[in-house]
Each structure stands twice: as structure tokens, then as C-alpha cells.
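Participant:
In this note's numbering, the protein residues as written are 53 to 112.
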């Protein structure tokens, strides 16, 4: 888990293979912490897009 304290509150980025529905609901109800949930598959897609942007392949 990666988190940072900001003047406006606490922000937290959580990365996991998946999040159970009850965890998502609990995170949504917490108003004191900005919680960002990112599934591992989404993080992998971001990494792939970043790599492609840095090394575009026009001919495959």
C-alpha cells in the first residue's frame, strides 16, 4: 500500500489482485480518507501503455 499525508487529509492507493465487494463498500463510506483502489490487472494495463508510449511499435 502506498499512502501520503496531504494538508487536506490522507490519500491511499491500494493495489491488489481483486477487492471484495464489502471492502469496496467500506472504502466508499470512509469520508476522512481518499482511498483509490486499483486492481493488479489495471496496473498492468497502465504499465503496458506506458511502455508502448515510450517505445512505439508501428510495424509488427
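Glycine included, C-beta positions come from ideal geometry on N, C-alpha and C.
Note that this is a predicted model, so its numbers are computed, not measured.
What residue range is occupied by the uninterrupted alpha helix (DSSP H) comprising residue 79?
Facilitator: It spans 73-81 - the alpha helix (DSSP H) in which residue 79 sits, taken as one unbroken run.
Participant: Quickly, what does DSSP pair residue 68 with across the bridge? List them, please.
Facilitator: According to DSSP, residue 68 bridges with 91.
Participant: Using the Cα positions of residue 64 and residue 97, report the straight-line distance between them to the nearest angstrom.
Facilitator: If I take the Cα positions, the gap works out to 20 Å.
Participant: Is the Cβ-Cβ distance between residue 91 and residue 70 less than 8 Å?
Facilitator: Closer than 8 Å, so yes.
Participant: Return the CA-CA distance between residue 72 and residue 101, expressed in angstroms with no decimal places.
Facilitator: Computed Cα separation, rounded: 27 Å.
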